[in-house]
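Colleague: Residue numbers (UniProt numbering), protein chains in the order written: chain A, 1 to 149; chain B, 1 to 149; chain C, 1 to 149; chain D, 1 to 149.
Using N, Cα and C, we set each Cβ at its ideal position, and we do this for glycine too.
Bear in mind that the values here come from a model prediction, so they are computed numbers and not experimental data.
Just passing along the structure, written as structure tokens.
There are 4 protein chains.
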Amino acid sequence: MEVTVRPVTAADKAEWQVLYDGYQRFYERPDLPQSFFDAAFERLLAGDPHDFHGLVAEEDGQLLGLTHYVFHPNLWRPEGVCYLQDLFTAPEARGKGVARALIEAVYAAADAKGVPAVYWLTAENNYPGRMLYDRVAVRSPFIRYNRPL
Amino acid sequence: MEVTVRPVTAADKAEWQVLYDGYQRFYERPDLPQSFFDAAFERLLAGDPHDFHGLVAEEDGQLLGLTHYVFHPNLWRPEGVCYLQDLFTAPEARGKGVARALIEAVYAAADAKGVPAVYWLTAENNYPGRMLYDRVAVRSPFIRYNRPL
Amino acid sequence: MEVTVRPVTAADKAEWQVLYDGYQRFYERPDLPQSFFDAAFERLLAGDPHDFHGLVAEEDGQLLGLTHYVFHPNLWRPEGVCYLQDLFTAPEARGKGVARALIEAVYAAADAKGVPAVYWLTAENNYPGRMLYDRVAVRSPFIRYNRPL
Amino acid sequence: MEVTVRPVTAADKAEWQVLYDGYQRFYERPDLPQSFFDAAFERLLAGDPHDFHGLVAEEDGQLLGLTHYVFHPNLWRPEGVCYLQDLFTAPEARGKGVARALIEAVYAAADAKGVPAVYWLTAENNYPGRMLYDRVAVRSPFIRYNRPL
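Given below as structure tokens:
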């Protein structure tokens, strides 16, 4: 069996939610209300070019991972940039290349849109993630500051 | 005289360009063509809610600094987030609180739009910048990865 | 079979050298001369309280890992500090708790000497190492600068 | 008047203590007992080759800064290494090149001893320090882990 990556569809909702909940828990945002998942899923299906797109990795009819990305303007680049916000592989599906396949599918989607610059942010101590990112991307010296809310 | 912050206007172009060129040189992107500045300035004036907005800091009729920011979607937050991409103070105007005034004006603009979450990225070794950012914002543990282009 | 940690002895030289060579290669210092290993091993056996001490992890008569540490003065602490310079587990012995056992043995040796403060340095991108270090130690905000040689 | 750097002497104690107290306060270790300063100063004067050495920067008979360094073994280098633990410039003497002069004097002392490798650790957010260190030294990718005490 091989891992394939495709756009998320309405039929994926239950499996998608399990994955996205796992991702949120990884970042210690547990116990999000159902309305959070409903709203996010609706946005992914809406096809709004200014909003998020979703891809899922599938093997043998089962979802193993997801990624969400958005195109947004950048004043330095007229075509804009692609921000890969979310990336998650089911714990039981680690080591099969799911995350790499998802990143590469975002690269392909960005190319198809004429927006080759793809970036993401990750916690400095996301060691398993960074082992992969160091192979498919380049760490920049940029760090993120947030307004205190 | 006091530093005031206001939206950039068509009459600011020459002074704005001197500042933005200084900013690009700080990031070692010298010798950008005039078309780069023309296109960026046109976008700032267009008033497109999906594209960049510009603010300038002024004292005694002279521009001392600039900032450019954009609102973009975030799947975790329905109202989106505000990305402050560019921030620059003229070298001769350092130490007057220009950068702080610009950041605070972006915070106010974000509040007015109902998008309180403001963030930016900066090089880890931008020491003068970080001295200020540590006072007006919170450093996150997030670092940026870029697709190799 | 259980992993045990004990001081290195003269009889360990051949196996110790295989491990220490693996460690040096991890840090991209391949092809060190035999004299490097001879001199380092001699120092470990000399018992000089100002110089390095060596511990090895053993299972079923085979060496699986090593660590080298030294006590050195610190002006802030009259009793000094313990610097754990080298730590290595044979690739085929990963996941058995070898590195943790070695670190804990250094902690015990430091306690026995009345020098409880133990520290080490590691590359920011030593992800497998840091997964362990985050469990048995505390990351400080300190980074290392070297004189250019 | 020019800044000169020389070894600390018994007559420097009162001025040295003011500086060292300022340094400790910078690292948020205020209110150290007099016995701490007495013991540290005695060690600096003792001339023990295994213990710390102290240098002071002087201008017009006044101490403007200090540094403390120690030679300790390194298993990778037979001649050992030089650890520059403390470096401080009086707040009112900033911008005169005091810290640079002190670092360069440690480099010279290390050369005189045949131990050219000098290093130090600094907090990642010690921005003023790092502005200087980036000019006289090289940032390594190494970070420090401490045993929890």
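Does the distance from the C-beta atom of residue 119 of chain B to that of residue 144 of chain A stay below 8 angstroms?
Modeller: Contact flag set, yes.
Colleague: Does the CB of residue 5 of chain C have a neighbour CB from chain D at under 8 angstroms?
Modeller: Residue 5 of chain C does not count as touching chain D.
Colleague: With a threshold of 16 other CB atoms inside 10 Å of the CB of residue 43 of chain C, please say whether the residue is buried or exposed.
Modeller: buried
Colleague: Counting only beta-carbon atoms, is residue 133 of chain B nearer than 8 angstroms to chain A?
Modeller: yes
Colleague: Going by Cα to Cα distance, which pick from A:11, A:129, A:47 is closest to residue 58 of chain A?
Modeller: A:11
Colleague: Could you pull out every residue in the same chain whose Cβ sits closer than 7 angstroms to the Cβ of residue 13 of chain C, ignoring the five residues on either side in sequence?
Modeller: 41
Colleague: Starting from residue 144 of chain B, find everything on chain D with Cβ-Cβ shorter than 7 angstroms and list it in chain order.
Modeller: The premise fails here: residue 144 of chain B is roughly 17 angstroms from chain D at the closest Cβ pair, so nothing lies under 7 angstroms.
Colleague: Since residue 127 of chain C meets chain A, which of its residues come closer than 8 angstroms, beta carbon to beta carbon?
Modeller: 127, 128, 130, 131
Colleague: Using CA coordinates, which residue listed in D:32, D:31, D:64 is at the minimum distance from residue 2 of chain D?
Modeller: D:64
Colleague: Would you mind telling me which residues of chain G sit closer than 7 angstroms to residue 34 of chain C, beta carbon to beta carbon, in chain order?
Modeller: Absent from the structure is chain G; the protein chains it does hold are A, B, C and D.
Colleague: Taking 7 angstroms as the limit between beta carbons, can you name the residues of its chain near residue 72 of chain C, skipping five residues before and five after?
Modeller: 80, 81, 83
Colleague: Quick check on the burial criterion: 16 or more other C-beta atoms within 10 angstroms. Buried or exposed for residue 61 of chain A?
Modeller: exposed
Colleague: Give the range of the beta strand (DSSP E) segment to which residue 56 of chain A is assigned.
Modeller: In the DSSP assignment, residue 56 of chain A falls within the unbroken beta strand (DSSP E) covering 53-59.
Colleague: Check for me: the beta strand (DSSP E) holding residue 27 of chain C runs from which residue to which?
Modeller: Residue 27 of chain C -> no beta strand (DSSP E), and no H or E assigned at all.
Colleague: Can you tell me which residues form a DSSP beta bridge with residue 145 of chain A?
Modeller: B:120, B:139
Colleague: Does DSSP classify residue 43 of chain C as helix, strand or coil?
Modeller: helix
Colleague: Can you check which of these residues, C:95, C:102, C:128, C:70, is closest to residue 56 of chain C by C-alpha distance?
Modeller: C:102
Colleague: Between residue 16 of chain A and chain B, is there a C-beta pair that is closer than 8 angstroms?
Modeller: no
Colleague: Are any of the Cβ atoms in chain D nearer than 8 angstroms to that of residue 52 of chain C?
Modeller: yes
Colleague: Spatial neighbours of residue 116 of chain A within its chain, please: C-beta separation below 7 angstroms, excluding the five flanking residues on both sides.
Modeller: Here the set comprises 110.
Colleague: When we look at the beta-carbon of residue 50 of chain B and count the other beta-carbons within 10 Å, is it buried (16 or more) or exposed?
Modeller: Residue environment for residue 50 of chain B: exposed (fewer than 16 other C-beta atoms within 10 angstroms of its C-beta).
Colleague: Can you name the residues that DSSP bridges to residue 67 of chain A?
Modeller: A:55, A:87
Colleague: Taking Cβ positions, are residue 66 of chain B and residue 19 of chain B nearer each other than 8 angstroms?
Modeller: yes
Colleague: Where residue 16 of chain C and residue 7 of chain A are concerned, what is the direct C-alpha to C-alpha distance, given to the nearest angstrom?
Modeller: 53 angstroms
Colleague: For a quick check, are the C-beta atoms of residue 138 of chain D and residue 125 of chain C less than 8 angstroms apart?
Modeller: no
Colleague: Anyone know if the C-beta pair for residue 132 of chain B and residue 100 of chain B falls short of 8 angstroms?
Modeller: yes
Colleague: In whole angstroms, what is the alpha-carbon distance linking residue 76 of chain A and residue 149 of chain B?
Modeller: Rounded to the nearest angstrom, the two C-alpha atoms are 15 angstroms apart.
Colleague: Distance, Cα to Cα, residue 108 of chain B vs residue 121 of chain B?
Modeller: 19 angstroms
Colleague: List the residues of chain A whose Cβ lies closer than 9 angstroms to the Cβ of residue 45 of chain B, in chain order.
Modeller: Under the 9 angstroms cutoff, chain A gives no residues; its nearest Cβ is about 13 angstroms from residue 45 of chain B.
Colleague: Please list the partners that residue 112 of chain B has in chain A, where partner means a Cβ-to-Cβ separation under 8 angstroms.
Modeller: Per Cβ cutoff of 8 angstroms: no residues; residue 112 of chain B is ~14 angstroms from chain A at best.
Colleague: Should residue 105 of chain C be labelled buried (16 or more other beta-carbon atoms within 10 Å of its own) or exposed?
Modeller: buried
Colleague: How long is the line joining the alpha carbons of residue 26 of chain C and residue 129 of chain C, rounded to whole angstroms?
Modeller: 12 angstroms
Colleague: Grab me the residues of residue 70 of chain D's own chain with a C-beta within less than 6 angstroms of its C-beta, minus the 5 sequence neighbours each way, in chain order.
Modeller: 52, 83
Colleague: Does residue 118 of chain A get closer than 8 angstroms to chain B when you measure Cβ to Cβ?
Modeller: yes
Colleague: Can you tell me the Cα-Cα spacing of residue 136 of chain B and residue 36 of chain C, whole angstroms?
Modeller: 52 angstroms
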